[in-house]
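Enquirer: Residue numbers (our numbering): 648 to 1042. Beta carbons are placed, not taken as given, at the ideal position from N, Cα and C, and that holds for glycine. Before I ask anything, here is the structure I am working with.
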Amino acid sequence: MKPTNQSQLNKIISDRTNRLSPSGIRKFFDLLAGMEGVISLGIGEPDYATPWHISEAAVKSLERGYTMYTSNSGIPELRELTAKHLKARYKVDYNPYGEILITVGVSEALDVAMRAILNPGDEVIMTDPHYVAYSASVILAEGEPVMVPTYAKNSFAIEAADIEAKITKKTKAILIGFPSNPTGAVMTRQKLLDIADVTRRHNLIVISDEIYARLTYDGEHTCFSSLPGARDNTILLNGFSKAYAMTGWRIGYAAASQEIIAAMTKIHQYTIMSAPTPAQVAAIEALKTGEPDVVEMVNSYNQRRKFIVKGLNDIGLPCFEPKGAFYAFPSITPTGMTSEEFSEKLLVEEKVAAVPGSAFGECGEGFVRCCYATSMAGIEEALERMGRFVKKHKK
Ligand SMILES: Cc1ncc(COP(=O)(O)O)c(C=O)c1O
């Protein structure tokens, strides 16, 4: 049956899918398609190709005919290395046999985590603004996303007291993602300890998306499950996309208690079976020999971070200092435009792509997200064009 109008279409498509609004980022990139000479500060991914020795490990495994399914949970060696990595970096213990699940990126881990723990109507507290898939993953699991507003004046941190104020009988979990996409915010250890205290007292699960953990520029990343008493009610998500420049390989993982991982594995085995085999081989290589590459890339992002933040402030777009990830999140209020207006006009008039902050939630209004994982020359040129644009439109 081919639907002829919206109400017919609504009957075909599930309510939970209809509840999803199209990603504000996608909408924006549709606009961009086909334009020439655009400098993109838009897409949130490394500008590096995967280090060749990592890709080569996968190529060699293909040459050896290593093309079958793996264990549902992932190649044992990858789980063992992941556990070793978590122990060495964050001093947190996970048993690779039962407490780690290899997934198709953090994207799958997030979806499966929500579906494993939520009943219809369960509430999940998260920051506004947040990474676009956070609220979507809750809605697709028939839960209710509940927003805690965060602000530039507080460095976009989320406060335990604000979380506690949103807790109801239906609250099941807190979803946090630091360093943050889109703001670049990180949390102090003390603020995370305060959240751990609230979640313990209210018996809530914490889903901690730490995909940008390695891209922390000022001090050490605190892994949520390493906090005293936090491990057993935390689902830790992480992956290879950002730190190792491996977005297209699609490998991530979840680490949690045996009971939670068993539940997540049930969903994963029926929907995914196992993460792609060559990509798991590449991830093994990344964990074995990729550390110098990570250090080199992080140093380079850090230089670009300092450059773009100073540049944005200099041209009159106040920008709080992002301490992680690869995003700057300047305020565009001096122009008097909405985020969408700003992004669209900037694209049309100056051919610079930056994502409207409103794509990440109501508190993102008045900001744009600028990904600085692009060349220094590109950033320099983008700043020049943005400077001209701001001068022209300043109120
Ligand atoms: C905060 C955050 N979490 C998860 C993801 C998805 O990562 P993956 O490539 O591992 O699916 C992204 C990608 O942009 C992200 O920014």
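Could you give the distance in angstroms between the alpha-carbon of H732 and the alpha-carbon of T924?
Expert: In a straight line, the C-alpha of H732 is about 20 Å away from that of T924.
Enquirer: Let me know the alpha helix (DSSP H) ranges lying completely inside the stretch 660-707, each 4 residues or longer, listed in chain order.
Expert: Complete alpha helix (DSSP H) runs here, min 4: 662-665 and 671-679.
Enquirer: Regarding S718 and ligand 1, is the C-beta to nearest heavy atom distance less than 7 Å?
Expert: Incorrect: S718 has no Cβ contact closer than 7 Å to ligand 1.
Enquirer: On a Cα-Cα basis, can you pick out the residue from L883, K658 and A807 that is closest to G752?
Expert: Measuring from the Cα of G752, the nearest candidate turns out to be L883.
Enquirer: So S872 and T881 are in contact, right, with Cβ under 8 Å, and what is the actual spacing, rounded?
Expert: Rounded, the Cβ-Cβ distance is 4 Å, consistent with contact.
Enquirer: Leaving out five residues before and five after E791 in sequence, what residues of the same chain have Cβ atoms less than 6 Å from its Cβ?
Expert: The answer, listed in chain order, is E770.
Enquirer: I want to check one thing, is the minimum distance from the CB of V1002 to the heavy atoms of ligand 1 below 7 Å?
Expert: Answer for V1002: no, Cβ out of range of ligand 1.
Enquirer: Within 10 angstroms of its Cβ, does R666 collect 16 or more other Cβ (buried), or is it exposed?
Expert: The residue in question, R666, is exposed, as its Cβ has fewer than 16 Cβ neighbours within 10 Å.
Enquirer: Tell me which residues share the same chain as A892 and place their Cβ nearer than 6 Å to its Cβ, disregarding the 5 neighbours each side in the sequence.
Expert: Answer for A892: P693, Y695 and T697, listed in chain order.
Enquirer: Which of the three DSSP states is assigned to G1011 in this structure?
Expert: It is helical.
Enquirer: Would you tell me roughly how many angstroms separate the C-alpha atoms of D740 and L765, rounded to the nearest one?
Expert: Whole-angstrom Cα-Cα distance: 26 Å.
Enquirer: Name the two residues that bound the continuous beta strand (DSSP E) containing V956.
Expert: V956 -> not in any beta strand (DSSP E); alpha helix (DSSP H) instead, spanning E938 to D961.
Enquirer: Run the CB neighbour count on S654, radius 10 Å, all protein chains shown included, and call it buried at 16 or more, exposed below.
Expert: The residue in question, S654, is exposed, as its Cβ has fewer than 16 Cβ neighbours within 10 Å.
Enquirer: Does the beta carbon of N949 fall short of 7 Å from some heavy atom of ligand 1?
Expert: Result no, Cβ not under 7 Å from ligand 1.
Enquirer: Taking only heavy atoms of ligand 1 into account, decide whether any of them is closer than 7 Å to the Cβ of L888.
Expert: Per the sequence shown, residue 888 should be read as Ser rather than Leu. Within the cutoff, so yes.
Enquirer: For Y974 versus R1016, is the C-beta distance shorter than 8 Å?
Expert: Contact flag set, yes.
Enquirer: Taking a contact to mean a Cβ-Cβ separation below 8 Å, would you say I805 touches T774 in this structure?
Expert: Contact: yes.
Enquirer: Within the present structure, is the beta-carbon of S855 separated from the nearest heavy atom of ligand 1 by less than 7 Å?
Expert: For ligand 1, not one heavy atom lies less than 7 Å from the Cβ of S855.
Enquirer: Could you check how far apart the C-beta atoms of A901 and T750 are, in whole angstroms? I think they sit under 8 Å.
Expert: Between T750 and A901 the Cβ distance is about 6 Å, and since that is below 8 Å, they are a contact.
Enquirer: Considering only C-alpha positions, which residue in the set A910, V706, E943 and G689 is nearest to I1026?
Expert: Among A910, V706, E943 and G689, the Cα nearest to that of I1026 is on G689.
Enquirer: Across which residues does DSSP place G899 in a beta bridge pair?
Expert: Note: G899 sits in a beta bridge opposite T750 and G886.
Enquirer: Measure from the C-beta of L748 to each C-beta in chain C and report whether the shortest distance is under 8 Å.
Expert: The structure shown contains no chain C, having only a single protein chain.
Enquirer: If we count Cβ pairs, one from each stretch, closer than 8 Å, do we get three or more for the stretch 983-1002 versus the stretch 911-925?
Expert: The stretch 983-1002 vs the stretch 911-925: no contact.
Enquirer: Y859 and G971 - do their beta-carbons sit closer together than 8 Å?
Expert: Yes, the Cβ-Cβ distance between G971 and Y859 is below 8 Å.
Enquirer: Can you give me the C-alpha to C-alpha distance between P776 and F1036, rounded to a whole angstrom?
Expert: If you take the alpha carbons of P776 and F1036, they lie about 25 Å apart.
Enquirer: Using a Cβ distance threshold of 8 Å, determine whether the stretch 984-993 contacts the stretch 1004-1020, with at least three qualifying pairs required.
Expert: The stretch 984-993 vs the stretch 1004-1020: in contact.
Enquirer: Have a look at K817, D865 and S1022 and flag the residue whose alpha-carbon is nearest the alpha-carbon of G831.
Expert: Comparing Cα-Cα distances from G831 to each of K817, D865 and S1022, the minimum goes to D865.
Enquirer: Can you check the stretch 771-802 for any alpha helix (DSSP H) of at least 4 residues that lies completely inside it and give the ranges in chain order?
Expert: The qualifying runs are 779-787.
Enquirer: Cβ atoms of D844 and G824: under 8 Å apart, would you say?
Expert: Cβ atoms of G824 and D844: not closer than 8 Å.
Enquirer: Closer than 7 Å: is that where the CB of Y1019 sits relative to any heavy atom of ligand 1?
Expert: No - ligand 1 has no heavy atom lying nearer than 7 Å to the Cβ of Y1019.
Enquirer: By the three-class DSSP mapping on this structure, what secondary structure does V833 have?
Expert: Coil at V833, not helix or strand.
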